[in-house]
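In this note's numbering, the protein residues as written are 3 to 336.
No residue lacks a Cβ here, since even glycine has one placed at the ideal position from N, Cα and C.
From a predicted model like this one, the values you see are computed outputs, not experimental measurements.
Step one of this worksheet: look at the structure below.
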Amino acid sequence: CTESFTCAPYLLPTKPDCGEDICWGESNAVVYSNSVLGARTEKVADYVDICSAIAGRVPLGGVHLDANRRPGIVIDVKQFLEEYILPSTEDADAFWPILGHVVGILSDGEIPIVDGLDHFKDSISQDDLKAFCAAFGTTGSSPLVHVAGITPEAKESSTAHEFITGCRKRAELTYDDVRKSFEMLDSGRTSSSGDDGDDGGSSSSIELVAFGNPHLSLGECAKLASLMTQAPEKDPKVKVMATLSRHVYDLAKEHGHVGIMESFGVQFINDTCWCMLLDAPIIPPNPKALVMTNSGKYAHYGPGLTGRGLRFGSMVQCVNAATGNTRFTSPQWL
3 CTESFTCAPY LLPTKPDCGE DICWGESNAV VYSNSVLGAR TEKVADYVDI
53 CSAIAGRVPL GGVHLDANRR PGIVIDVKQF LEEYILPSTE DADAFWPILG
103 HVVGILSDGE IPIVDGLDHF KDSISQDDLK AFCAAFGTTG SSPLVHVAGI
153 TPEAKESSTA HEFITGCRKR AELTYDDVRK SFEMLDSGRT SSSGDDGDDG
203 GSSSSIELVA FGNPHLSLGE CAKLASLMTQ APEKDPKVKV MATLSRHVYD
253 LAKEHGHVGI MESFGVQFIN DTCWCMLLDA PIIPPNPKAL VMTNSGKYAH
303 YGPGLTGRGL RFGSMVQCVN AATGNTRFTS PQWL
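Right under this line is the structure:
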């Protein structure tokens, strides 16, 4: 038994293998393990996972069975990518959680297969997929999503084609779908000041920048450290906090990322995550305070969990907000 205390156990050295039957309950972990790793788990209720660990068995049903892992709906994203994403890669990291949020809505209870991301098959990162799966888990009821040409069970073109042609339903991603999800995630925009058509607001009302929902990976720590090295000083009125597992924290410390982030002003919280941090002093006591995040999952759940307005943006925008940058707008592709 290892004390992991993380909502992202797939970042640990003990992550499951493709085809391995496991029993997990956390929504982002379930979607990621099924989709990206090809492991097999239902979304289980509390204590079912403990019972399965004791018994060494899981119920033989749901997505543990091959027949129940086939997709039932195609989400075609080709046209949207060609018109909006490929011409502009700025704030591209914000696209993946928005896409996950939209795909969850469009999937209508089915296991979806996303078609049209071929351009990214060699460049999409595990962190991109992590953000995508976490946001998908907030709006989609399925524990699994396939991505043609990318995720293991749909990586081969012949298998992806078989999945796509066998689907009963089909939906096409539209600009309006993406815009609507962005506005849902950036819901705190309506309570911040802005002008001249600016979709952003003043970060003077942002009192907390929250990273790590799901827990930060080593790669995300490296990216944040790089951005913070180049950024102006942090605004003393803005608190910056990050949650991550003790395992990733130790690795990030060894690589020097923790020291850089702490010098910028980041405070770290290990062994828990934002969905469990509901009150002051972590959450700003001011009921009108805004919280800024690059997490689609936290932007979705945060307003209900904390009673605070949530702003959503890219990692760059989050770091800028921490420095007191008072204006930020929608991604160029919106």
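**Report entry** Close-in-space but distant-in-sequence residues of the same chain around Asn-322 (CB under 6 Å, 5 per side omitted)
**Finding:** none
Query raised in the report: Using the rule of at least 16 other Cβ atoms within 10 Å of the residue's Cβ for burial, across every protein chain shown, is Gly-21 buried or exposed?
Result: exposed
Query - Extent of the continuous beta strand (DSSP E) run through Gly-311 - result: 311-314
Requested in this report: Spatial neighbours of Phe-266 within its chain, please: CB distance less than 6 Å, with the 5 preceding and 5 following residues excluded, ordered by chain position.
Outcome: Met-230, Lys-236
Requested in this report: Assign Gly-142 to one of two classes, buried (16 or more other C-beta atoms within 10 Å of its C-beta) or exposed (fewer than that).
Outcome: buried
**Report entry** Proximity winner among Ala-55, Asn-296, Arg-71, Phe-270, relative to His-148 (alpha-carbon distances)
**Finding:** Arg-71
Query raised in the report: What three-state label does DSSP hand His-249 in the structure shown?
Result: helix
Query - Sequence-distant residues of its chain with Cβ nearer than 6 Å to Phe-213 (five each side left out) - result: Ala-244
Query raised in the report: In chain order, what residues of the same chain have a beta carbon less than 7 Å from the beta carbon of Ala-31, not counting five sequence neighbours either side?
Result: Cys-9, Ala-10, Pro-11, Tyr-12
Query - Thr-231 - containing alpha helix (DSSP H), residue span - result: 220-232
Query raised in the report: In whole angstroms, what is the alpha-carbon distance linking Ile-166 and Tyr-300?
Result: 31 Å
Report task. Using beta-carbon positions only, say whether Thr-140 and His-103 come within less than 9 Å of one another. Result -> yes
**Report entry** Three-state class that DSSP yields for Phe-165 in the structure shown
**Finding:** helix
Query raised in the report: Which two residues bound the contiguous alpha helix (DSSP H) that contains Val-50?
Result: 50-57
Requested in this report: Measure the CB-CB distance between Ala-291 and Leu-175 and report whether it falls below 9 Å.
Outcome: no
Query - Reduced DSSP category for His-148 - H, G, I as helix; E, B as strand; rest coil - result: strand
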